[in-house]
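Residue numbers (our numbering), protein chains in the order written: chain A, 1 to 378; chain B, 379 to 756; chain C, 757 to 1046; chain D, 1047 to 1336.
Heads up: the structure comes next, in structure tokens.
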Amino acid sequence: MKLHEYQSKRIFAEYGIPIPKGNIATTAAEARQIAKQLGGSVVIKSQVLVGGRGKAGGVKLAKTEEETHKIARQILGMSIKGLIVDKVLVDRAVSIKDEIYVGVTIDRSLQRPVIIASAEGGVEIEEVARKNQDAIIRLPIGRRTGLLDYQARNLAYDLGLRRDFINQFVQILKGLYTAFINSDASLVEINPLAVTEDDRLLAVDGKIVLDDNALFRHPDLAELRDTQEETASERQARQVGISFVKLDGEIGCMVNGAGLAMATMDIIKYYGAEPANFLDIGGGAKANKVATALSIILNDIKVKAVLINIFGGITRCDEVAKGILEALNSMEVTVPMVVRLVGTNEKEGRQILAKAKIPTATTLGEAAQKIVALAKGV
Amino acid sequence: MKLHEYQSKRIFAEYGIPIPKGNIATTAAEARQIAKQLGGSVVIKSQVLVGGRGKAGGVKLAKTEEETHKIARQILGMSIKGLIVDKVLVDRAVSIKDEIYVGVTIDRSLQRPVIIASAEGGVEIEEVARKNQDAIIRLPIGRRTGLLDYQARNLAYDLGLRRDFINQFVQILKGLYTAFINSDASLVEINPLAVTEDDRLLAVDGKIVLDDNALFRHPDLAELRDTQEETASERQARQVGISFVKLDGEIGCMVNGAGLAMATMDIIKYYGAEPANFLDIGGGAKANKVATALSIILNDIKVKAVLINIFGGITRCDEVAKGILEALNSMEVTVPMVVRLVGTNEKEGRQILAKAKIPTATTLGEAAQKIVALAKGV
Amino acid sequence: MGILVGKNSRLVVQGITGNEGKFHTLQMKQYGTNIVAGVTPGKGGDWVENIPVFDTVKEAVNIQEANTSIIFVPPRFAADAIMEAAQAGIGLIICITEGIPVLDMARVQSVLREVGTARLIGPNCPGVITPGESKIGIMPGHIHKPGSVGVVSRSGTLTYEIVQALTNKGIGQSTALGIGGDPIIGSNFIDILRLFEADLLTDQVVLIGEIGGQDEQRAAEFIATRMSKPVIAFIAGRTAPSGKRMGHAGAIIEGGEGTAEEKIKALEAAGVKVARLPEEVAELIAAMQT
Amino acid sequence: MGILVGKNSRLVVQGITGNEGKFHTLQMKQYGTNIVAGVTPGKGGDWVENIPVFDTVKEAVNIQEANTSIIFVPPRFAADAIMEAAQAGIGLIICITEGIPVLDMARVQSVLREVGTARLIGPNCPGVITPGESKIGIMPGHIHKPGSVGVVSRSGTLTYEIVQALTNKGIGQSTALGIGGDPIIGSNFIDILRLFEADLLTDQVVLIGEIGGQDEQRAAEFIATRMSKPVIAFIAGRTAPSGKRMGHAGAIIEGGEGTAEEKIKALEAAGVKVARLPEEVAELIAAMQT
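Laid out in structure tokens, this is it:
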């Protein structure tokens, strides 16, 4: 689960990391009021959960209250990569001398947290990595030892920080690492950590991604979810425990198991069409979950055909078949469908579908070829 | 630094450990008021930092408010092992079915915390150990892993706890371990952890000893020090950074270094007298510290003679000599003294003392024999 | 025999009294797995399918001489269950549970390194099966067939798909297992490839990977330099977009890294034949075995 | 040569710019110790006694090839300084600092075990001296004399007392060191006895113990079973009361355990002669050497 910039920065502040003064506004009038309180120039930043807000015109400077009002009105309501901006962060503007990147994530191969830092902050770290791998410092942290003071200090020296910033940096890094651990994050990131003209370090922009699996430990953080940022389908899928990712193709697919779901997408492509989504109903799904999954798929108007691919282990094929009928009874379905059912209670499932005259297939290859042909109206 | 029972139990409560309802009183009237609020029988417990309060009559049960008043009046002001009781804890009385011991300390050889537990609680753990070493369970805890849930659970099973107490016990043990770590304790102890007639686990008595070296991290805990419990000499020594322990003998001694100070005590005994104290002025002591040390020693009316033994390394012998003169100038000294000075600036020190006609010695053996003879008036 | 599990496996089921635990205990028992104990704290003294239930893994090891554990406990307790098994002396721990927090697993791995005697498979995996001998997992037993192909996978149902394709062609498996779909897992491809390489009854190996991480790329290096047995691979997720988690917590292309193309390229460079379709895996193996 | 320190020691002084650090740097330098670097974070680029100061131990190792460190930093930063030295590749770390919290040291020990390449002496110790070669500590150098007696002690000034008694009798020392008076220390008696036993230039060993803990008792066991060289001991604290800390954080009789009698009994049972007075140690050694 991703947090907004303003949410992330507020959490950083709880861990003693300095952030610019500012507040969140949902109307241009509120934005103007915040600018008035702050005094001087402000930055108005759209709060949407995608990258590239700046390039899309979602981050702007305003010198006066009047200008703040005008710009906030422009930004609120605009669409950035399909997401409507419904709030802006109004921060006091700061003069920046230098920009540092610093983040914490999990190193999968070392199986422990790693601090990533670069003196070349202000751009995406992946971009820095592509240009010059040496500009990035990686510092693995013992899961149980934690970040030691001298490690933070040595990192500050390695970044070439001026001596009078060292202690500030050590405090910020320790705060950031503690925030990472205490919130069970999969990523925390300050970018840029600005060196200001008046010689302070300031977390000007920040990002936190939480580990969904650990949210049960953090009810306060779980509440920060911005359901406005999800589509109705995503929200519905999340609530019933379906993994769903919207794609751009025309073949909807419903599969049990993430690996098999990806393989199903790939095979659709292999036979010349494009998948409309990734959808994993998980293990042991009952009829009602199957029905929900099907309705999510069919809500996508681009979908021209649906492929259902179930390899029953814990999942029972007859339950899947029942769910399909349930969904078909409750909505008008105009697109063709092919169902491939194998494994536990395969025969019972096929019988149920045969009665409803739904086309079935035995192998995945056969199913994919059939559905591609149907989608193309061949 | 030792905490009182009531202080320890309040800290336990912060870590989710259930304790009896109760409050602290410094007058009999307050005690009666607390008993009234609690209702029913209460236990009145003297709060002094020594063991064996029960045997000394410092812990009593009262059935009524009247009785509470009477007993509190008896206990307040009484002397237990030389300490005057100036406050009592008035706790709601509980009916106890069973008593468990559970504590956390540092295992010196394993160099990590160890949980110590016994189903035979209610008496001192050393006593249990003497009778039956097998009645004690020791569970070393990885300093960085911490106490794991299953370890706490397994310990509960090993103690033979009834199944419906397991989860309560796990929570209490985790709380106790966290209290140990978070307060930098050298010992935390619940004894007894009572199984009550109404089937609860309750920390009826408790003890916390803090690591003096870590108090800088815990200003709130450092404030809990009960200076009433120190003698004036102990307080004075602590404030100037002198290690001082009062003993029962007649030869006062002042030494630099703990090992040498103990050896000096031993040699006094070896030559037939008894040391009046352990006193280590530490390394590099200046004249004023030496003067304070001497006045602490001379405040003890039992002291018949004083042996000063300095092996100068960081400590300079001339500074010590100056300190001795300083002390002698500011107080009337009637007891004999022998000074043995070797090491850094030894000659200068001896000259200063020679001028003041203070007897000196070259070896420790010679010094000890001289002082014992002087004390005995030989 | 195969690797990891077999006739000598003496299994303890952690979380045996839960729904999933009970169901799969019966399934494994019917397959012939030697289940000697169950563990559910607070349920010691109970019986499930004539199997004694204990409060602690220590008892299962001391009394029933369990040497292998399978874990069905809920995600928030699963890390503790793994550490309990490891410190009780269990040599092979197979964790089925999905949804364990990543930082919990980081801690588990550091404890496992310290203990030094336990191998972990998973979490978030279907388990391990040595066909005809022992099934320690949730895979459908009947699709497997004893034979000489080792199968290792990050997936569950995709593994079944490929195993069934093998069996349909008459090709049996020495051992088939899933290593799990999480970012931090107990055993990676290399750990398992090393076992297959050393196993006398394994002739070819099937590696089923997916997007995310560097595990397949490292496996490719290992195959190129340390393996004599032929490896056939399949990589899922050629059409997966960047930055989106594909069901498995570990299946995500981040910062443009961990794509299917990257993995396929690395494997092909190591001399591995990479099938384009799941069924093709069986065809490639069949071609080798004739 | 002696053990631990000698002509090959290339010393970095951590906390070189503090009062104690500066003072003892000069003392050690005058004794002939090869000090190649100092470290004080934030003071990199400074010089103390013509010794270059760095911000990090890593630089002292990389640039000046330091292999030994002495630590004078204040107690609240000392644990971090030890871990920095260990992870920078320093092989021998001597920590003089007194008053480090016990839980900090527990953490340090667990990190040192993980790093595996660093030996720690102390904390709260006077350091190590190989007379005539190298003094890495705060002991007065002039009381020492090169020779063949190894001296190991939990104390500071009591060690000086006994060393001077030896020197006064013309008995030199191979190496003399204090292991520290804290409950948790980096090297215990056994660690050092093992080195003296293996050292070609050491003929006899003096062990100076005190009340508290079990270290002397364990040493006795080691001496009885693993040592060929004679050991003479002195134990301070025969008259110390129970339950009171005698200056050193580690010098306390707790629950009736760790008394001087207990230790003396164990040592005598192991064939160790235990002197009743510090001076007697020198007499016992003298009797052996003639």
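Cβ atoms here follow ideal geometry from the backbone N, Cα and C, with glycine treated the same way.
Show which residues of chain B have a CB atom less than 7 Å away from the CB atom of residue i.
i	result
V768(C)	Neighbours of V768(C) on chain B: none; closest Cβ ~14 Å, over 7 Å.
G798(C)	R541, I544
L1323(D)	I645, Y648, G743
Give a single yes or no on whether residue i has its beta carbon closer than 7 Å to a heavy atom of the ligand NAD.
i	result
R1122(D)	As far as ligands go, the structure on display features none, and thus does not contain the ligand NAD.
In this structure, how does DSSP classify residue i when only helix, strand and coil are distinguished?
i	result
L193(A)	strand
A639(B)	helix
F1280(D)	strand
G1067(D)	helix
K399(B)	coil
T404(B)	coil
L1149(D)	helix
F1118(D)	coil
C1171(D)	coil
P902(C)	strand
V769(C)	strand
L657(B)	strand
T886(C)	strand
R431(B)	coil
V1051(D)	coil
G1183(D)	strand
Using a Cβ cut-off of 9 Å, pull out every chain A residue sitting near residue i, in sequence order please.
i	result
R522(B)	G142, R143, R144, T145, G146
K1191(D)	Neighbours of K1191(D) on chain A: none; closest Cβ ~39 Å, over 9 Å.
Output, in chain order, the set of chain A residues within a Cβ distance shorter than 7 Å of residue i.
i	result
D1101(D)	Y157
Interface residues of chain D around residue i at Cβ under 9 Å?
i	result
P491(B)	L1149, A1152
Could you spell out the range, first to last residue, of the alpha helix (DSSP H) harbouring residue i?
i	result
M254(A)	Careful: M254(A) lies outside any alpha helix (DSSP H), inside the beta strand (DSSP E) at 251-255.
N707(B)	695-708
I1299(D)	That residue, I1299(D), is in no alpha helix (DSSP H); it is neither H nor E in DSSP.
L294(A)	287-298
Whose Cβ in chain B lies nearer than 8 Å to the Cβ of residue i?
i	result
P1287(D)	V623, L625
K778(C)	Neighbours of K778(C) on chain B: none; closest Cβ ~21 Å, over 8 Å.
Along the chain, where does the beta strand (DSSP E) containing residue i start, and where does it finish?
i	result
A273(A)	Careful: A273(A) lies outside any beta strand (DSSP E) and carries neither H nor E.
A1321(D)	1319-1321
N687(B)	683-690
I849(C)	848-851
V42(A)	42-46
A1164(D)	Note, A1164(D): premise wrong, no beta strand (DSSP E); not H, not E.
What does residue i reach in chain D if we use C-beta pairs closer than 8 Å?
i	result
R316(A)	Ordered by position in chain D, no residue passes the 8 Å Cβ test against R316(A), which lies about 49 Å from the chain.
Y177(A)	Those within 8 Å of Y177(A) in chain D number zero; the least Cβ separation is about 15 Å.
Given that residue i touches chain A, what residues does it touch there, using C-beta distances under 8 Å?
i	result
K1215(D)	Simply none; closest approach about 45 Å.
At 8 Å on the CB atoms, spell out the chain C contacts of residue i, in chain order.
i	result
R516(B)	Chain C residues near R516(B): none, gap ~16 Å exceeds 8 Å.
Subject >> Segments of 3+ residues assigned as beta strand (DSSP E) that fall wholly inside the segment 1199-1258 of chain D >> reply: 1219-1224, 1250-1256
Original post:
Of all the residues that make up the segment 1150-1168 of chain D, which are near chain B by a beta-carbon distance shorter than 8 Å?
Top reply: D1150, M1151, A1152, R1153, Q1155, S1156
Subject >> Any alpha helix (DSSP H) of 4 or more consecutive residues that is wholly inside the segment 563-622 of chain B >> reply: 597-600, 610-618
**OP:** Name, going along the chain, the residues of the segment 467-496 of chain B whose beta-carbon falls closer than 8 Å to a beta-carbon of chain D.
**Re:** I484, R486, S487, Q489, R490, P491
Original post:
Going along the chain, which residues of the segment 825-839 of chain C sit with their C-beta nearer than 8 Å to a C-beta in chain B?
Top reply: F833, D836, A837, M839
Original post:
Relative to chain C, which residues along the segment 252-271 of chain A have a C-beta separation below 7 Å, given in chain order?
Top reply: N256, G257, A258, G259, L260, A261, M262, A263, M265, D266, I267, K269, Y270
**OP:** Pull out every residue of the segment 570-597 of chain B whose Cβ sits closer than 9 Å to any Cβ of chain C, in chain order.
**Re:** none
**OP:** Could you run through the segment 1194-1208 of chain D and flag, in chain order, every residue whose CB is less than 8 Å away from some CB of chain B?
**Re:** S1199, R1200, S1201, G1202, T1203, L1204, T1205, Y1206, E1207
Original post:
Which residue spans inside the segment 1066-1112 of chain D form an unbroken beta strand (DSSP E) run of at least 3?
Top reply: 1081-1085, 1097-1100
Original post:
Can you list the alpha helix (DSSP H) stretches of 4 or more residues lying completely in the segment 77-153 of chain A, in chain order?
Top reply: 125-131
Original post:
Which runs of the alpha helix (DSSP H) spanning at least 4 residues fall entirely within the segment 710-749 of chain B, listed in chain order?
Top reply: 724-733
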